[in-house]
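Novice: Let me give you the structure first, and then I'll get to my questions.
Residue numbers (the numbering used here): 994 to 1121.
As structure tokens, this is what we get:
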């Protein structure tokens, strides 16, 4: 003997949690008062904050050290670029791969056959 129990759920409350009435929200406002800003810009250097005029005076007096000149970049020759660990071979390889991909797509579009089918029919035509 099998017992079955049916439960009816109204379509309005199916899958929804019970809602609780909320009190009406009051209107909130924000008051912003603007103040006059300092018109002179500030410079932060060496852990201290200076006004622009103070910074220029301190720089001219020598109390703020000048930055040392930047070291010149080393000269890179053709042999360094084309070395095994250089950037040249990888760049050339990538550009040739892009060129080969474009050639394969254009061959496929012009003949209507997939590239692998074309290569299977004439594998040595590529090197001709």
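Glycine included, C-beta positions come from ideal geometry on N, C-alpha and C.
All figures in this text were calculated on a predicted structure; none of them were measured in a lab.
Taking Cβ positions, are residue 1034 and residue 1045 nearer each other than 7 Å?
Specialist: Within the chain shown, the letter at position 41 stands for residue 1034. Within the chain shown, the letter at position 52 stands for residue 1045. Yes, the Cβ-Cβ distance between residue 1034 and residue 1045 is below 7 Å.
Novice: Quick one: give me the first and last residue of the beta strand (DSSP E) that residue 1052 is part of.
Specialist: Working through the chain shown from its first residue, we reach residue 1052 at position 59. Careful: residue 1052 lies outside any beta strand (DSSP E), inside the alpha helix (DSSP H) at 1045-1054.
Novice: Can you name the start and end residues of the alpha helix (DSSP H) that residue 1071 belongs to?
Specialist: Taking the first residue of the chain shown as position 1, residue 1071 is located at position 78. 1071-1074 is the span of the alpha helix (DSSP H), which, as asked, contains residue 1071.
Novice: Any idea what DSSP makes of residue 1023, helix, strand or coil?
Specialist: Residue numbering aside, residue 1023 sits at position 30 when the chain shown is read from its first letter. It is coil, neither helix nor strand.
Novice: Is residue 1094 helix, strand or coil by DSSP?
Specialist: Residue mapping note: residue 1094 aligns to position 101 of the chain shown, counting from 1. Here DSSP, grouped into helix, strand and coil, assigns residue 1094 to helix.
Novice: Based on the DSSP output, what are the partners of residue 1035 in its beta bridges?
Specialist: Against the chain shown, residue 1035 aligns to sequence position 42. For residue 1035, DSSP records a beta bridge to 1044.
Novice: Below 8 Å on the Cβ atoms is my guess for residue 1115 versus residue 1108; work out the distance and round it to an integer in Å.
Specialist: The residue labelled residue 1115 in the question sits at position 122 within the chain shown. The residue labelled residue 1108 in the question sits at position 115 within the chain shown. Residue 1115 to residue 1108, Cβ: 12 Å. No contact.
Novice: Using the three-state DSSP reduction, which class does residue 1083 fall into: helix, strand or coil?
Specialist: Residue numbering aside, residue 1083 sits at position 90 when the chain shown is read from its first letter. If DSSP states are grouped into helix, strand and coil, residue 1083 belongs with the helices.
Novice: In terms of residues, what are the limits of the alpha helix (DSSP H) holding residue 1113?
Specialist: Working through the chain shown from its first residue, we reach residue 1113 at position 120. Unbroken alpha helix (DSSP H) run through residue 1113: 1108-1114.
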